[in-house]
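Student: Residue numbers (our numbering): 2 to 288. We put the CB at the ideal spot given by N, CA and C, even for glycine. In this text the structure is predicted, and so the values were computed from the model without any measurement. I have a structure I would like to understand better, so I am pasting it below and will then ask my questions one at a time.
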């Protein structure tokens, strides 16, 4: 089947066929499907990461009717870079040290990377199906400030294609104003492949949101959240959150490390409370 697929791809290289959008879509989708089959034939603990990392699987989703501008393409590339780099960090199991361990099984790990600095990794199991977490973290992203006291506001500045957003987030000041108000402009890339969903992001710039008075413009990334149903109980979801933030300003590293690890533990608790309470229905968006 794969050789025939590449013949189809070769066919659209001829000038009179290249403008046939439908044919291009069919070729991209066919190639993606065949490569998916080959990827799933492998084994090993990293198979779910490889599933999401396949660049070929992005072909069909990137062929939009409206061509992207150069600026939009740069944002798409940034989102892809954030996703690939985050997954590479998480795939390396060596060197992680425990920062916080909670009695319910939640834990925060950390490691120092030469080109990134210190990164944190939250691992929790939530007693909710993946779709519930996806709806809350993606479809109702702008409502995060309603249930997470560490977040003041999340605003979507721009949507690009089916899975890329530019957002502006303002973080609330920490108790005692140890860390003053910070804000972030981020590019976010969401990929959902089978039973795995990855929400990746990194700092970017956007003309609609210059630096704001009263806020220190911090930078995040690469960062991502990975959602996977437990194999033994699909009604529960394993959430892994890779956090990498440069808070800027003159802050001791000991304070930064304490704040970031505690922020992750708090996030898990707030998320559980949110999911346990009724939420307004989300608007369905194909991903």
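(1) Out of curiosity, what's the CA-to-CA distance linking residue 139 and residue 200?
(2) Measure from the alpha carbon of residue 267 to the alpha carbon of each residue in 221, 230, 175, 211, then state which is nearest.
(3) Mind checking residue 272: buried by the 16 CB within 10 Å criterion, or exposed?
(4) On the DSSP bridge list, what partners appear for residue 221?
(5) Do residue 165 and residue 80 have their C-beta atoms closer together than 8 Å?
(6) Would you report the Cα separation of residue 112 and residue 262, rounded to the nearest angstrom?
(7) Give me the DSSP bridge partner(s) of residue 159.
(8) I need the boundaries of the beta strand (DSSP E) containing residue 108, first residue and last residue.
(9) Check whether the Cβ atoms of residue 99 and residue 114 lie closer than 8 Å to each other.
(10) Cα-Cα, which of 216, 172, 101, 258 is closest to residue 148?
(11) Can you tell me the Cβ-Cβ gap for residue 226 and residue 83, rounded? I've got them flagged as a contact below 8 Å.
(12) For the alpha helix (DSSP H) that residue 72 lies in, which residues bound it at each end?
(13) So, with DSSP's three-state summary, where would you put residue 141?
(14) Between which two residues does the beta strand (DSSP E) holding residue 184 run?
(15) Run through DSSP, which three-state label would residue 134 get?
(16) Quick one: using the 10 Å Cβ neighbour count with 16 as the cut-off for buried, is residue 137 buried or exposed?
(17) For residue 72, count neighbouring C-beta atoms within 10 Å of its own C-beta (all shown protein chains included) and say buried if the count is 16 or more, exposed if not.
(18) Do the CB positions of residue 169 and residue 184 come within less than 8 Å of each other?
(19) Residues in the same chain with beta-carbon distance under 6 Å from residue 125, minus the five sequence neighbours each way, listed in chain order, please.
(20) Ordered along the chain, which non-local residues of its own chain (more than five positions away) have a Cβ less than 6 Å from that of residue 130?
(21) Out of curiosity, what's the CA-to-CA distance linking residue 179 and residue 251?
(22) Is there at least one Cβ from chain B nearer than 8 Å to residue 237's Cβ?
Tutor: Walking through what the data contain:
(1) Indexing the chain shown from 1 puts residue 139 at position 138. Indexing the chain shown from 1 puts residue 200 at position 199. Roughly 8 Å separates the two Cα atoms.
(2) The residue given as residue 267 occupies position 266 in the chain shown. Answer by Cα proximity: 175.
(3) Working through the chain shown from its first residue, we reach residue 272 at position 271. Residue 272 should be labelled buried.
(4) Position 220 of the chain shown holds residue 221. Bridge partners of residue 221: 246.
(5) Residue 165 sits at position 164 when you count from the first residue of the chain shown. Residue 80 sits at position 79 when you count from the first residue of the chain shown. In contact: residue 165 and residue 80 (Cβ atoms closer than 8 Å).
(6) If you number the chain shown from 1, residue 112 lands on position 111. If you number the chain shown from 1, residue 262 lands on position 261. Their backbone Cα atoms lie some 12 Å apart in a straight line.
(7) Taking the chain shown and counting its residues from 1, one reaches residue 159 at position 158. In the DSSP output, where bridge partners are listed per residue, residue 159 has 167.
(8) Residue numbering aside, residue 108 sits at position 107 when the chain shown is read from its first letter. Run containing residue 108: 108–114, per the beta strand (DSSP E) assignment.
(9) Counted from its first residue, the chain shown places residue 99 at position 98. Counted from its first residue, the chain shown places residue 114 at position 113. For residue 99 and residue 114, no; Cβs fall outside 8 Å.
(10) For this step, residue 148 is matched to residue 147 along the chain shown. Among 216, 172, 101, 258, the Cα nearest to that of residue 148 belongs to 172.
(11) Position 225 of the chain shown, counting from 1, holds the residue named residue 226. Position 82 of the chain shown, counting from 1, holds the residue named residue 83. In fact, because the Cβ distance is near 12 Å, the residues do not count as touching under 8 Å.
(12) Here residue 72 refers to the residue found at position 71 when the chain shown is read from its first residue. Residue 72 -> alpha helix (DSSP H) spans 71–92.
(13) As a first step, residue 141 is located in the chain shown; it is residue number 140 there, counting from the start. Coil, per DSSP.
(14) Indexing the chain shown from 1 puts residue 184 at position 183. For residue 184, the uninterrupted beta strand (DSSP E) segment begins and ends at 183–194.
(15) For this step, residue 134 is matched to residue 133 along the chain shown. DSSP, read as helix, strand or coil, puts residue 134 in helix.
(16) Taking the chain shown and counting its residues from 1, the one referred to as residue 137 is at position 136. Result: buried.
(17) Taking the first residue of the chain shown as position 1, residue 72 is located at position 71. Classification of residue 72: exposed, given that the 10 Å Cβ count is below 16.
(18) Along the chain shown, read from residue 1 onward, the residue named residue 169 stands at position 168. Along the chain shown, read from residue 1 onward, the residue named residue 184 stands at position 183. Taking 8 Å as the Cβ cut-off, residue 169 and residue 184 qualify as a contacting pair.
(19) Translated into the one-based positions of the chain shown, residue 125 becomes position 124. The answer, listed in chain order, is 107, 240, 269.
(20) Taking the first residue of the chain shown as 1, we reach residue 130 at position 129. Hits under 6 Å: 236.
(21) Here residue 179 is taken as the residue at index 178 of the chain shown, counted from 1. Here residue 251 is taken as the residue at index 250 of the chain shown, counted from 1. Taking the straight line from one Cα to the other gives about 11 Å.
(22) You won't find chain B in this structure, because it holds only one protein chain.
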